[in-house]
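As C-alpha coordinates, the structure follows; a few thoughts come after it.
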(Lines of atoms letter the chains of each structure in order from A and count residues from 1; the text may use other names and numbers.)
(Lines give C-alpha, C1' and ligand atoms only; values in the text may rest on other atoms or scores of the structure.)
Protein backbone atom coordinates (compact mmCIF):
# COMPACT_ATOMS: atom_id res chain seq x y z
CA UNK A 1 0.00 0.00 0.00
CA UNK A 2 1.31 3.44 -0.80
CA UNK A 3 2.20 5.99 1.84
CA UNK A 4 -0.78 8.14 0.84
CA UNK A 5 -3.10 5.12 1.11
CA UNK A 6 -1.84 4.31 4.62
CA UNK A 7 -2.19 7.93 5.64
CA UNK A 8 -5.72 8.12 4.27
CA UNK A 9 -6.69 4.88 6.03
CA UNK A 10 -5.31 6.21 9.32
CA UNK A 11 -7.22 9.45 8.93
CA UNK A 12 -10.41 7.58 8.02
CA UNK A 13 -10.04 5.31 11.06
CA UNK A 14 -9.79 8.27 13.38
CA UNK A 15 -12.50 10.42 11.83
CA UNK A 16 -15.18 7.82 11.16
CA UNK A 17 -14.47 5.52 14.13
CA UNK A 18 -15.24 2.44 12.03
CA UNK A 19 -14.75 -1.10 13.41
CA UNK A 20 -11.28 -2.55 12.77
CA UNK A 21 -12.67 -5.65 11.03
CA UNK A 22 -14.23 -3.53 8.28
CA UNK A 23 -11.12 -1.45 7.68
CA UNK A 24 -8.57 -4.26 7.68
CA UNK A 25 -10.64 -7.04 6.07
CA UNK A 26 -10.27 -9.03 9.29
CA UNK A 27 -12.72 -11.79 10.22
CA UNK A 28 -15.37 -11.18 12.87
CA UNK A 29 -16.17 -14.38 14.74
CA UNK A 30 -19.21 -14.74 16.98
CA UNK A 31 -19.41 -17.89 19.08
CA UNK A 32 -22.59 -18.82 20.96
CA UNK A 33 -21.56 -21.39 23.55
CA UNK A 34 -20.06 -24.32 21.70
CA UNK A 35 -23.15 -24.86 19.52
CA UNK A 36 -23.22 -22.03 16.99
CA UNK A 37 -20.66 -19.84 15.22
CA UNK A 38 -20.95 -16.97 12.75
CA UNK A 39 -17.93 -15.87 10.70
CA UNK A 40 -18.04 -12.57 8.82
CA UNK A 41 -15.50 -11.32 6.22
CA UNK A 42 -14.48 -14.78 4.99
CA UNK A 43 -13.23 -15.59 1.49
CA UNK A 44 -14.82 -19.03 1.04
CA UNK A 45 -14.91 -22.61 2.30
CA UNK A 46 -11.74 -24.61 1.66
CA UNK A 47 -12.77 -27.91 3.27
CA UNK A 48 -15.91 -29.22 4.93
CA UNK A 49 -16.95 -32.40 6.70
CA UNK A 50 -19.12 -33.06 9.77
CA UNK A 51 -15.93 -33.09 11.88
CA UNK A 52 -13.86 -30.31 10.30
CA UNK A 53 -14.41 -26.98 8.53
CA UNK A 54 -11.66 -24.84 7.02
CA UNK A 55 -12.49 -21.31 5.93
CA UNK A 56 -10.27 -19.07 3.81
CA UNK A 57 -9.58 -15.60 5.21
CA UNK A 58 -7.86 -12.58 3.69
CA UNK A 59 -4.65 -13.40 5.59
CA UNK A 60 -4.79 -17.09 6.36
CA UNK A 61 -7.44 -19.60 7.34
CA UNK A 62 -9.74 -20.59 10.18
CA UNK A 63 -10.03 -24.26 11.16
CA UNK A 64 -13.01 -25.45 13.18
CA UNK A 65 -13.08 -28.99 14.56
CA UNK A 66 -16.06 -30.60 16.22
CA UNK A 67 -18.91 -33.07 15.82
CA UNK A 68 -21.99 -32.86 13.64
CA UNK A 69 -20.93 -29.59 12.04
CA UNK A 70 -23.47 -28.19 9.59
CA UNK A 71 -23.22 -24.99 7.54
CA UNK A 72 -26.65 -23.46 8.10
CA UNK A 73 -26.20 -20.41 5.89
CA UNK A 74 -23.80 -18.62 3.60
CA UNK A 75 -24.89 -15.08 2.82
CA UNK A 76 -22.30 -13.07 0.94
CA UNK A 77 -19.29 -12.90 3.24
CA UNK A 78 -21.12 -14.28 6.29
CA UNK A 79 -21.20 -17.97 7.19
CA UNK A 80 -23.11 -19.70 10.03
CA UNK A 81 -22.16 -23.10 11.46
CA UNK A 82 -23.99 -25.27 13.98
CA UNK A 83 -22.91 -28.44 15.79
CA UNK A 84 -20.65 -29.23 18.71
CA UNK A 85 -17.63 -26.96 18.25
CA UNK A 86 -14.58 -28.38 19.99
CA UNK A 87 -11.65 -26.39 18.66
CA UNK A 88 -11.04 -23.19 16.70
CA UNK A 89 -7.64 -22.48 15.18
CA UNK A 90 -6.58 -19.33 13.32
CA UNK A 91 -3.64 -19.83 10.94
CA UNK A 92 -1.89 -16.87 9.35
CA UNK A 93 -0.73 -17.14 5.73
CA UNK A 94 2.93 -17.79 6.55
CA UNK A 95 2.26 -20.34 9.31
CA UNK A 96 3.16 -23.97 8.56
CA UNK A 97 0.71 -26.79 9.21
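Numbering (this note's numbering), first residue to last: 15 to 111. The beta carbon of each residue, even a glycine, is placed where N, CA and C say it ideally should be.
- Its chain contains 94, 96 as the residues whose beta carbon lies nearer than 6 angstroms to that of residue 86, once the 5 sequence neighbours on both sides are disregarded; these appear in chain order.
- Ranked by Cα distance from residue 101, the first of 59, 55, 67, 41 is 67.
- A distance below 6 angstroms between beta-carbons, with the five flanking residues on each side excluded, links residue 44 to the following residues of its chain, in chain order: 52.
- Residue range 58-63 is occupied by the beta strand (DSSP E) that includes residue 61.
- In the three-state reduction of the DSSP assignment, residue 17 falls in the helix class.
- Residue pairing by DSSP places residue 75 opposite 70, 105 in a beta bridge.
- With 16 or more other Cβ atoms from the protein chains shown falling within 10 Å of its own Cβ, residue 78 counts as buried.
- Here the C-alpha atom of residue 18 lies approximately 19 angstroms from the C-alpha atom of residue 39.
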